[in-house]
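Residue numbering for the sequence shown follows our numbering, starting at 707 and increasing by one per position.
Glycine included, every Cβ here is placed at the ideal spot set by N, Cα and C.
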Amino acid sequence: MNPQAKLIFMTSLLLGTTITISSNHWIMAWAGLEINTLAILPLISKSHHPRSVEAATKYFLTQAAASALVLFSSMTNAWHTGQWDITQLSHPTSGLILTSAIAMKLGLVPFHFWFPEVLQGSPLSTGLLLSTIMKLPPITLLYMTSPSLNPTLLTILALLSTALGGWMGLNQTQVRKILAFSSISHLGWMAIIIIYNPKLTLLNFYLYTMMTATVFLTLNSMKVLKLSTLMTAWTKVPSLNAMLLLTLLSLAGLPPLTGFLPKWLIIQELTKQEMIATATLMALLSLLSLFFYLRLAYCTTITLPPHTTNHMKQWRTGKPTNVLIAILATMSITLLPISPLILALV
């Protein structure tokens, strides 16, 4: 892709995100979401492969429908209350429509079908943007409207997302689809706590973004798209593979690593809200996604000959590891001991 065109699209992405995050008026937030959607479309379809074009079309149709629902929700609210302010979403029907629209934007179950397909049709670099920065504006809108949202609806969406995100990822062989279902599962954890402790949702999102960015950038530098090529990638950059193993376990939420922090805090908060059954169910459902993270981790590091597939071994590259990957991987693994400081900052 032409560097100038890429610069324009990336700037538009940042502009759209900033407009939505900083707006008070529903129309401005909607405009930011639209700029975002239009800026990411060329990045999804830049390889001109039929699958990429299909992914861009699916993404456009879904996001257009979700944006129309956001407009409809805000107009209904303005009709009944005379308020266009985002924080004044007091009409219950508007709250329900908005929750559905944001669920569609984010890819929460049952509006999740587009997300794995779009991620599978995109390059890894665009997949990273779709999984991280494109989720920020909808989550910000949920954060700003959280006092007036329906707790029952969000709890149902969150439980379904965590269940199906883990369940549907079990049988996948394509790394991008596995990461898409991982994203759906994590969004379930964010959605369940948004009403009770919105800051915890943002903390979870930041840590998830950091760990996902590490995984995507590592896979991109190793040029890995499916499990069979991941099995032979250990000969290429062994140190990077070891970091990928730990980052995947951190994404799964295993205790000594960073990813344990948001799960621990969310379960603690749910217990405080006397939602012990929900907290137990969420913890049990996270075991499903733990299985496919362990599968990825196993394929990354523990498959040695003669158990590997009959792929050609890759040459070990003398290239040093990217500094950004090194910093992100270190943070993805070691932030748990300084969790009191993180909580003080949030």
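Residue i - partner residues in DSSP beta bridges
{"i": "Q794", "result": "Q794 is not bridged to any residue."}
{"i": "K932", "result": "Q880"}
{"i": "H818", "result": "In DSSP, H818 forms no bridge with anything."}
C-alpha distance - residue i paired with residue j, whole-angstrom precision
{"i": "L996", "j": "N730", "result": "39 Å"}
{"i": "T782", "j": "I1031", "result": "45 Å"}
{"i": "S780", "j": "L955", "result": "41 Å"}
{"i": "S758", "j": "I898", "result": "32 Å"}
{"i": "P1046", "j": "M896", "result": "20 Å"}
{"i": "M707", "j": "K764", "result": "21 Å"}
{"i": "V1052", "j": "K942", "result": "39 Å"}
{"i": "S718", "j": "F817", "result": "26 Å"}
{"i": "T1007", "j": "N947", "result": "6 Å"}
{"i": "A983", "j": "I973", "result": "11 Å"}
{"i": "A827", "j": "S934", "result": "It is worth fixing the name first, because residue 827 is Gly in this sequence and not Ala. Approximately 18 Å between the Cα atoms of the pair."}
{"i": "G722", "j": "P962", "result": "37 Å"}
{"i": "A1003", "j": "G875", "result": "14 Å"}
{"i": "T724", "j": "K841", "result": "13 Å"}
{"i": "T879", "j": "E823", "result": "14 Å"}
{"i": "W732", "j": "K905", "result": "22 Å"}
{"i": "P968", "j": "I1044", "result": "13 Å"}
{"i": "L976", "j": "W970", "result": "10 Å"}
{"i": "S806", "j": "S945", "result": "43 Å"}
{"i": "P857", "j": "V930", "result": "40 Å"}
{"i": "K752", "j": "L830", "result": "12 Å"}
{"i": "F998", "j": "C1005", "result": "10 Å"}
{"i": "L1049", "j": "P853", "result": "21 Å"}
{"i": "T986", "j": "L950", "result": "29 Å"}
{"i": "S992", "j": "L923", "result": "24 Å"}
{"i": "F821", "j": "R1022", "result": "34 Å"}
{"i": "L855", "j": "W873", "result": "27 Å"}
{"i": "W790", "j": "T726", "result": "14 Å"}
{"i": "Q710", "j": "T1027", "result": "27 Å"}
{"i": "A735", "j": "A939", "result": "43 Å"}
{"i": "M988", "j": "V1029", "result": "35 Å"}
Residue i (DSSP reduced to helix, strand or coil)
{"i": "K764", "result": "helix"}
{"i": "H731", "result": "strand"}
{"i": "N667", "result": "In the structure displayed, the chain extends from 707 to 1052; residue 667 sits before or after that span and is not available."}
{"i": "G965", "result": "coil"}
{"i": "R1022", "result": "coil"}
{"i": "Y902", "result": "coil"}
{"i": "Q979", "result": "coil"}
{"i": "V824", "result": "helix"}
{"i": "G894", "result": "helix"}
{"i": "A773", "result": "Here residue 773 turns out to be Ser, not Ala, going by the sequence shown. DSSP places S773 in helix when its eight states are reduced to three."}
{"i": "S753", "result": "coil"}
{"i": "P709", "result": "helix"}
{"i": "G813", "result": "coil"}
{"i": "G871", "result": "helix"}
{"i": "P748", "result": "helix"}
{"i": "V1029", "result": "helix"}
{"i": "P829", "result": "coil"}
{"i": "Q789", "result": "coil"}
{"i": "G722", "result": "helix"}
{"i": "L1041", "result": "coil"}
Whole-number beta carbon distance between residue j and residue i, since they are thought to touch under 8 Å
{"i": "G833", "j": "R882", "result": "6 Å"}
{"i": "L848", "j": "L836", "result": "Their Cβ separation, rounded to whole angstroms, is 18 Å, which puts L848 and L836 out of contact at 8 Å."}
{"i": "T845", "j": "F911", "result": "Thr is not the amino acid found at residue 845; the sequence shown has Ile there. Yes, they are in contact, since the Cβ atoms of I845 and F911 sit about 6 Å apart, within 8 Å."}
{"i": "I1039", "j": "T953", "result": "7 Å"}
{"i": "F778", "j": "I803", "result": "6 Å"}
{"i": "T793", "j": "M850", "result": "6 Å"}
{"i": "I900", "j": "L860", "result": "6 Å"}
request  = Spell out a yes or no on whether the region 735–750 and the region 769–789 are touching, meaning 3 or more CB-CB pairs, one atom from each, closer than 8 Å.
outcome  = With the cut-off at 8 Å, the region 735–750 and the region 769–789 touch.
query = Given 8 Å as the limit, is there contact between the region 916–927 and the region 1027–1046, that is, 3 or more CB pairs closer than that?
reply = Touching, yes.
query = Is the region 849–867 touching the region 880–899 in the sense that three or more CB pairs, one from each, lie closer than 8 Å?
reply = Verdict: yes, contact present.
inquiry  = Any contact between the region 792–804 and the region 745–755? By contact I mean 3 or more CB pairs, one from each, below 8 Å.
reply    = No, they do not touch.
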